[in-house]
Each structure stands twice: as C-alpha cells, then as structure tokens.
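Below: one structure, written as structure tokens.
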Amino acid sequence: MHKILITKAFIKAEKELKEKGENKPSLTLIAEHISEYVLQETGFEIGGRRYRDYLNDAKKIAGSDNEDIRIAQMKVINGLCKYLKCDTYQQFVEENCPKKATISLGKQYQEIIKKIMGFKRKIRIQIFLALAIISMVIFYNSLQGKRWMVWDKNQYKEVAFNLQKYDFLELKKYDQNLMDSFKKIDRPDCNGEYLNKDRTAKTWYWKKNNEEIEVYTAPGLHPTNGVTLKPITTYMIRKYICPD
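Going letter by letter, the sequence shown gives residues 23 to 266 in the numbering used here.
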C-alpha cells in the first residue's frame with residue numbers, strides 16, 4: 023500500500039499547486055510541497071528528493087499487484103496519511119483496499135490456498151510462528167539490556183528503552199562521545215566562535231531553509247533527518263549568522 027500512498031500524495035499535491043496558480047508544477051516542486059506538509063505535521067523531514075525516489079520506485083512496479091515499495095520512516099507514513107485525510111495508516115489501507123479485492127483469485131491460486139491450509143501446513147505455520155515469537159522476545163530483551171539515547175531539543179540524553187514512549191527510529195545506541203560533544207547551538211549570533219584560528223571549521227551546519235541554518239558543535243549526521251552536516255565557512259557565517 024506504500025506505492026498507492028505516495029502516488030495519491032503526489033496527485034493531491036499537484037492539484038493543490040495548480041489551484042494556487044502553478045500551471046505545470048514540476049515533480050521537484052510537488053515533492054517539496056509534500057515535504058513541507060509532513061515537516062509541519064510531524065516535525066520530521068527527509069527532503070523532496072527522497073519523496074521523488076519513492077514515487078519513481080512506485081512507478082517501476084505500478085503494474086504489479088504483488089509488489090510494493092517500502093517507506094522506511096513511520097513519521098513520513100503518518101504524515102502522508104494525514105495529508106490524505108486519514109487519521110491512521112490502517113484507515114488508509116481500509117479505504118483504499120476494499121475486502122472485495124481479495125476475493126478475485128484465480129482457480130490455480132485458490133488451489134494453492136487450499137493446500138496451504140492443509141493439516142501439515144498448519145503445523146509448520148504454528149511452529150514457525152512460535153519460533154518467530156521466541157526470537158522477537160529474545161531480541162526485545164537484548165535491546166532492553168543496552169544503553170540508549172534520544173535527541174532532546176539541542177542535545178542527546180540517555181533514556182530507557184521504551185517503544186511506548188519513543189519511536190524505534192528515535193532511539194540510538196548510547197554514544198558517550200555524542201553525549202559530550204554533539205550539541206545544537208541555540209540562536210547563533212555574531213558573538214559565537216564558529217571557526218578555528220586557522221579558519222578551519224570549529225562548527226558544522228545544516229541548511230534548514232533559504233533564511234536559516236542550524237549550527238552544531240561537532241561533525242556527523244543531523245540528529246533527526248540523518249543528513250550529513252557540512253563544515254561551517256566564512257561565507258555561510260556572513261550570510262546566515264552575521265550578515266554585514
């Protein structure tokens with residue numbers, strides 16, 4: 023259903039842009055329109071390029087009923103569902119995959135289903151499910167035994183493993199180096215020291231939009247969207263932090 027989800031989102035976004043006066047909105051503009059909505063709705067951003075990649079993947083398997091794409095970020099899935107006026111992904115599936123669609127099976131496929139439901143097959147399935155459950159319990163317990171951290175506004179903080187409180191993608195393995203050195207500089211201004219004496223980068227940045235950047239005290243990945251941070255330059259400081 024992910025390929026239907028992303029396709030419908032692009033169709034709706036294109037319609038909205040046309041209503042705003044864009045006669046022939048490009049895929050880039052449509053993707054950015056979707057990205058901005060999801061960012062505002064969920065606080066999570068992956069950039070328009072990734073949405074276009076998802077759409078291209080969906081187009082490649084458009085004619086197949088048995089293939090689907092995988093949107094990895096749960097917040098993106100939830101954001102797209104809300105964009106399409108569905109409160110949950112389950113609601114989207116129910117509205118776009120009616121039960122009648124599952125009835126139209128060919129005779130050969132129906133015969134396969136009957137064989138699968140045979141007694142021996144049932145036993146194998148039960149054993150498989152039991153092993154899967156045991157594996158999941160062992161895996162879950164192993165995760166709980168480790169140290170974890172999450173990004174909290176402008177720095178990482180250590181937390182207990184709790185999938186009811188945190189999304190799995192929010193939880194990161196505890197890293198003392200990141201805890202100590204990786205911080206977001208709130209409201210960077212002209213008084214800050216962003217370069218070393220030899221003019222090399224002392225801080226790193228992510229360009230949030232055309233008017234603002236986020237500045238961090240160490241290199242690495244952006245804590246929420248995974249984009250690689252760039253070393254600060256004199257040009258970026260003068261343009262975004264301390265304009266003349």
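The beta-carbon is built from N, C-alpha and C at its ideal position, and this holds for glycine as well.
Nearest-angstrom Cα separation, counted from R209 out to D75: Each residue's alpha carbon lies about 33 Å from the other.
Kindly provide the ranges of any alpha helix (DSSP H) runs that are 4 or more residues long and lie completely inside the segment 57 to 87, ordered along the chain. Counting only runs of 4+ residues, the alpha helix (DSSP H) found wholly inside the segment 57 to 87 occupies 70 to 82, in chain order.
Answer with yes or no whether the minimum CB distance from E180 to chain D is below 8 Å. This model lacks chain D altogether, as it is built from one protein chain only.
Under 8 Å between C-beta atoms of A240 and F183: Between A240 and F183, the C-beta gap is not smaller than 8 Å, which leaves the two residues out of contact.
Determine, using beta carbons only, whether I68 and D79 come nearer to each other than 8 Å. In this structure, I68 sits away from D79, with a CB-CB distance that is not shorter than 8 Å.
From what residue to what residue does the alpha helix (DSSP H) around Y105 run? For Y105, the enclosing alpha helix (DSSP H) has its first and last residue at M96 to Y105.
Under 7 Å: does the beta carbon of E192 sit that close to some heavy atom of the ligand NAD? Among the components modelled here there is no ligand, and therefore nothing to report on the ligand NAD.
Determine the DSSP secondary structure at K224, reduced to helix, strand or coil. The answer is coil: DSSP assigns K224 none of H, G, I, E or B.
Contact set for I138: own chain, Cβ-Cβ below 7 Å, skip 5 residues either direction: Bear in mind that a pLDDT of 49 at I138, under 50, signals an unreliable position, so the number given afterwards is only what the model happens to contain. Cβ neighbours of I138 beyond the five flanking positions: none.
N- and C-terminal bounds of the alpha helix (DSSP H) containing V115: From DSSP, the alpha helix (DSSP H) with V115 extends over Y111 to N118.
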